[in-house]
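For reference, the structure is listed below as structure tokens.
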Ligand code: HEC
Ligand code: HEC
Ligand code: HEC
Ligand code: HEC
Ligand code: HEC
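Numbering (the working numbering), first residue to last: 2 to 296.
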């Protein structure tokens, strides 16, 4: 073979290899496009719910204490997912309306615009106030503070946990949700066994008993809430102040136990946004009480 022929063969081989890889590359790009189309078509309710939650989170302030707002997805407070997780569509379209993503059961959806708070709305939240005429507020012989009508953030919890209102009783539903889609019984967290109450199935036989999660309207049975924290000084007697530790500021303790503008609320001890913690308790039960009480 002459030197010139060797070169021709070499060039032809390189050219062939190059065109083959080029064609393969174009093919791969095409397949790539097709793949992503397929993924979009098969988008699951879960991935749509996550996208909506992410979009909602983007409109809000970041939490100050470092927890992830999206961690609530898939937890007991993610009512959009309970339906599926319960299996066999146990609760779907029966117990409550599925608004498509978790946040809207508590937070006002970003797409409702600037509607002013209605008279029955819990200010700042997407929920209706419970009727306080039904309430018995906290009292005891030793209790020094004055129990008053609960503050907004505690009213939020009570709007589901006092068992008088349906879990899906929100002020604004997200725009994309069509009210004609689902007809449900709008059930309440309550051990009652009629069509009004989750206890219909959650009786400990058909499904787990949810009686413990029913706080009720008699607040004397619980730790006092919506009380000013005496450990902040101002307004409390010396002896009462002595019985409490000093927080960092009006917003709580270094270990994560929170005060809300100087007040003790349900959310002082619980953070629904930290579902990995037992009963959503901000600190382990053995440290919880001694964070505040100095016995
Ligand atoms: C069961 C009620 C509930 C649900 C459902 C819920 N949140 Fe919250 N969220 C709260 C409470 C209570 C606080 C205040 C907690 C605190 O400040 O420690 C809060 C605080 C926040 C904050 C901190 C900023 C702020 O405005 O206080 C962000 C961000 C947030 N939530 C995002 C979300 C997103 C996103 C979702 C849905 C994926 C969601 N939340 C679902 C109850 C809820
Ligand atoms: C965030 C702070 C805080 C935490 C955490 C806390 N407490 Fe309290 N607790 C208070 C305040 C404030 C009072 C009201 C004191 C008063 O005015 O008499 C109170 C009152 C009480 C009372 C009622 C006293 C009475 O006179 O009726 C009991 C009982 C009690 N706490 C037990 C506990 C237990 C048990 C824990 C742990 C599970 C706990 N507390 C965790 C702040 C706290
Ligand atoms: C939209 C309704 C709703 C609101 C608002 C709500 N919860 Fe819940 N909560 C639920 C449901 C549903 C469950 C699960 C009940 C069950 O497992 O049977 C639950 C369960 C719990 C539990 C028990 C968790 C466990 O692991 O046993 C705690 C504690 C709790 N919630 C605290 C709170 C606090 C504190 C607030 C207010 C910041 C709040 N919840 C607001 C619906 C709500
Ligand atoms: C038609 C029967 C039925 C009704 C009504 C019903 N549930 Fe359920 N639920 C089930 C079944 C079945 C399961 C799965 C078994 C279990 O967890 O005990 C379940 C599971 C759950 C779970 C656990 C899901 C998980 O994976 O963590 C929660 C929380 C829950 N239900 C809350 C509620 C609430 C709140 C109501 C009322 C608004 C309600 N359910 C009404 C049948 C029902
Ligand atoms: C001082 C701290 C503290 C405050 C304030 C507080 N809790 Fe709790 N909560 C606890 C502790 C501790 C437990 C766990 C008790 C147990 O497991 O026996 C608990 C348990 C619960 C449970 C679950 C019961 C169960 O057995 O599954 C619910 C629901 C709940 N709390 C809701 C609330 C609501 C709503 C408020 C406000 C009205 C509130 N909590 C105020 C400390 C607190």
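All C-beta atoms, glycine included, are put in the ideal place defined by N, C-alpha and C. Keep in mind it's a predicted model, so treat the numbers as computed, not measured.
Span separating the alpha-carbon of residue i from that of residue j
i           : j           : result
residue 21  : residue 69  : Only weak support is given to the placement of residue 21: the predicted model assigns it a pLDDT of 48, under 50, and the question is left unresolved by the model.
residue 122 : residue 186 : 22 Å
residue 1   : residue 97  : This structure leaves residue 1 out entirely; the chain is present only between 2 and 296.
residue 34  : residue 103 : Confidence in residue 34 is poor, its pLDDT being 45 and thus under 50, which makes the residue's placement unreliable; the coordinate value appears in the next sentence. Their backbone Cα atoms lie some 31 Å apart in a straight line.
residue 77  : residue 227 : 24 Å
residue 205 : residue 190 : 14 Å
residue 52  : residue 287 : 38 Å
residue 1   : residue 158 : What is shown of the chain runs 2 to 296, which leaves residue 1 out entirely.
residue 192 : residue 160 : 16 Å
residue 139 : residue 263 : 18 Å
residue 257 : residue 281 : 12 Å
residue 295 : residue 165 : 36 Å
residue 240 : residue 199 : 45 Å
residue 131 : residue 110 : 21 Å
residue 255 : residue 95  : 43 Å
residue 259 : residue 137 : 25 Å
residue 178 : residue 80  : 15 Å
residue 142 : residue 108 : 37 Å
residue 209 : residue 243 : 43 Å
residue 112 : residue 56  : 10 Å
residue 253 : residue 261 : 8 Å
residue 99  : residue 180 : 10 Å
residue 297 : residue 71  : Because residue 297 is not part of the residues shown, which for the chain are 2 to 296, the question remains open.
residue 171 : residue 127 : 6 Å
residue 1   : residue 274 : Outside the shown range of the chain, which is 2 to 296, sits residue 1, and nothing can be said about it.
residue 86  : residue 269 : 29 Å
Residue i - DSSP class collapsed to helix/strand/coil
i           : result
residue 147 : coil
residue 259 : coil
residue 162 : helix
residue 105 : helix
residue 155 : helix
residue 49  : helix
residue 113 : helix
residue 86  : helix
residue 208 : coil
residue 222 : helix
residue 58  : helix
residue 228 : strand
residue 167 : strand
residue 73  : helix
residue 142 : coil
residue 21  : Because residue 21 sits at a pLDDT of 48, beneath the cut-off of 50, its placement in the model cannot be relied upon, and the following sentence gives the value as read from the coordinates. The answer is helix: DSSP assigns residue 21 an H, G or I state.
residue 128 : strand
Residue i classed as buried or exposed, judged by whether at least 16 other C-beta atoms fall within 10 angstroms
i           : result
residue 290 : exposed
residue 249 : exposed
residue 201 : buried
residue 224 : exposed
residue 283 : buried
residue 105 : buried
residue 64  : exposed
residue 236 : exposed
residue 163 : buried
residue 293 : buried
residue 155 : buried
residue 246 : exposed
residue 266 : buried
residue 120 : exposed
> Is the segment 227-243 close to the segment 137-153, with three or more CB pairs under 8 Å?
Replying inline: yes
> Considering only residues of the segment 231-291, which uninterrupted alpha helix (DSSP H) runs meet the minimum length of 4 residues and lie entirely inside it, listed in chain order?
Replying inline: 239-243 and 267-270
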